[in-house]
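Numbering (my numbering), first residue to last: 42 to 515. Built from N, CA and C at the ideal position, the CB exists for glycine as well. Inspection log for the structure reproduced underneath, given as structure tokens.
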């Protein structure tokens, strides 16, 4: 199917943000039953043998540090913890079932469930409830390490050349003058120059590796940063976290520890007691999301490039002041959804533009398919924040078609792109075929939805991301 007939359509948008608030606030370190009280998860004393062997001191990650958790994974964890209230084994069986069923389970959600089903219930509760282990490597790199020298991507660095080359291409695309009859279209974003007359990079690109946490010193330092109170013993935290990680497949290389790609800046941490005055917008690209893209049943060689282009859209939004971060470090849900879809449009726009990714129509179809499979929704809800599969597919179709109708050397200004996206936004949300012809992914989670039925077997193996990352994806 070809989505991209060369017809004139509105311009697209270039960015999206991946900050969000999660529900975990307080978790007792003992492996006990979980109870929800006003959005706080508490762990009661357990009677199983393993819990009796554990020390009784609390080891908590502060609630304010949960705002970067991927919403799809957060939902999977919360559903597991809710089920585990009554019966660990029943909760575990539900994970195995979710890894196979369709309904509202997108590909990413099923991937989460598959990986979680390989881990014991008590370890799941401890790693992702008590220690929030899926967040620690991101905070370590962004706020403790932060050194961009020698960055690599992928567990063994296998994506490094591809990611760095694509980043260079994206920066050149957005920071280079274009030939245009429009006086406002000369440069999309001008970052200025430094003392050496080199173009200042508006962001840094950091690889996120679970292996960074192999160091006991790193685990101790991250505990000092994220612990919920000074009563938390960081020596105990560092030692016990390692015990739990040793119990899971691939240990520190398990994708669940780094399965996101996102952008953060100093506003992301405004409610935290950390010095971020010199922090540039930082693209955090986890090994886990790269592993997911590789394992995906609809994998394409262009998937990492699209995710990176989406995340760079977040950078552009940040430096152009398009999002408003509340004092808590979170973003209003309605604005977040718009920014995420805008980033999808931007990512596809770059990939399709002749001065950008310059992909063929067939390759752009793969990018559009990836956007759809990074969509997500919670049961009985239209969206998780990033946009549903249908909405993300529509946003990518619109962005790619806009790029294809431009003359080769024309790159509209950022403001023009944003304005065009704003004009098309409601039609994108509604999946209007006039702006995204050929859309097939579901716009809402409903077994009676005709689009869901039309998606059929493809949707059974496809699904969602969530980067971003980033961003989300992204």
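The beta strand (DSSP E) enclosing residue i, as first and last residue numbers
i           : result
residue 258 : Where residue 258 is concerned, there is no enclosing beta strand (DSSP E), although the alpha helix (DSSP H) it sits in stretches over 257 to 267.
residue 360 : Element bounds for residue 360: not the beta strand (DSSP E) but the alpha helix (DSSP H), 344 to 360.
residue 184 : No beta strand (DSSP E) holds residue 184; DSSP gives it neither H nor E.
residue 484 : Element bounds for residue 484: n/a, residue is neither H nor E.
residue 305 : 302 to 305
Beta-carbon gap between residue i and residue j smaller than 8 Å
i           : j           : result
residue 441 : residue 428 : no
residue 397 : residue 214 : yes
residue 299 : residue 336 : no
residue 267 : residue 102 : yes
residue 182 : residue 325 : yes
residue 417 : residue 147 : yes
residue 434 : residue 409 : yes
residue 121 : residue 331 : no
residue 117 : residue 157 : yes
residue 460 : residue 394 : no
residue 462 : residue 338 : no
Spatial distance of residue i from residue j (CA atoms)
i           : j           : result
residue 486 : residue 478 : 21 Å
residue 275 : residue 305 : 25 Å
residue 202 : residue 281 : 36 Å
residue 414 : residue 151 : 12 Å
residue 450 : residue 207 : 19 Å
residue 170 : residue 303 : 21 Å
residue 311 : residue 401 : 42 Å
residue 464 : residue 109 : 29 Å
residue 389 : residue 445 : 10 Å
residue 373 : residue 362 : 15 Å
residue 159 : residue 165 : 10 Å
residue 257 : residue 265 : 12 Å
residue 354 : residue 115 : 23 Å
residue 313 : residue 188 : 21 Å
residue 96  : residue 283 : Low confidence applies to residue 96: its pLDDT is 33, below 50, so where it sits in the model is not reliable enough to give any reading.
residue 403 : residue 196 : 30 Å
residue 438 : residue 322 : 27 Å
residue 421 : residue 430 : The predicted position of residue 421 is uncertain, since its pLDDT is 39 and thus under 50; a value taken from the coordinates is nonetheless stated next. Rounded to the nearest angstrom, the two C-alpha atoms are 15 Å apart.
residue 347 : residue 379 : 18 Å
residue 230 : residue 216 : Residue placement at residue 230 is poorly supported in this model, since its pLDDT is 45, which falls under 50; the coordinates still yield a value, given next. Taking the straight line joining both Cα atoms gives about 6 Å.
residue 155 : residue 360 : 38 Å
residue 210 : residue 163 : 45 Å
residue 484 : residue 149 : 17 Å
residue 317 : residue 447 : 40 Å
residue 272 : residue 263 : 15 Å
residue 198 : residue 482 : 33 Å
residue 184 : residue 107 : 15 Å
Residue i, enclosing alpha helix (DSSP H) - first and last residue
i           : result
residue 329 : 328 to 336
residue 249 : It is not in any alpha helix (DSSP H) - residue 249 instead sits in the beta strand (DSSP E) that spans 245 to 249.
residue 389 : 374 to 393
residue 32  : Any question about residue 32 goes unanswered here, given that the chain covers just 42 to 515.
residue 156 : 148 to 157
residue 207 : 201 to 216
residue 476 : Here residue 476 belongs to no alpha helix (DSSP H), and DSSP marks it neither H nor E.
residue 456 : 455 to 470
residue 431 : 430 to 445
residue 161 : Where residue 161 is concerned, there is no enclosing alpha helix (DSSP H), given that its DSSP letter is neither H nor E.
residue 277 : 275 to 286
Inter-residue CB distance, residue i and residue j (contact presumed, cutoff 8 Å)
i           : j           : result
residue 432 : residue 469 : 6 Å
residue 341 : residue 411 : 6 Å
residue 194 : residue 248 : 5 Å
residue 376 : residue 364 : 6 Å
residue 293 : residue 255 : 5 Å
residue 301 : residue 111 : 5 Å
residue 297 : residue 455 : Contact doesn't hold; Cβ gap of about 36 Å is too wide.
Proximity winner among the options, relative to residue i (alpha-carbon distances)
i           : options            : result
residue 383 : 164, 174, 352      : 352
residue 307 : 283, 296, 245      : 245
residue 173 : 374, 323, 278      : 278
residue 186 : 114, 259, 210      : 259
residue 287 : 167, 210, 359, 358 : 167
residue 191 : 205, 179, 180      : 205
residue 261 : 297, 177, 301, 395 : 177
residue 458 : 443, 379, 216      : 443
residue 119 : 476, 475, 153      : 153
residue 270 : 474, 480, 105      : 105
residue 392 : 482, 358, 407      : 407
residue 161 : 290, 210, 263      : 290
residue 476 : 482, 484, 467, 483 : 467
residue 309 : 175, 462, 481, 180 : 180
residue 253 : 175, 212, 243, 272 : 175
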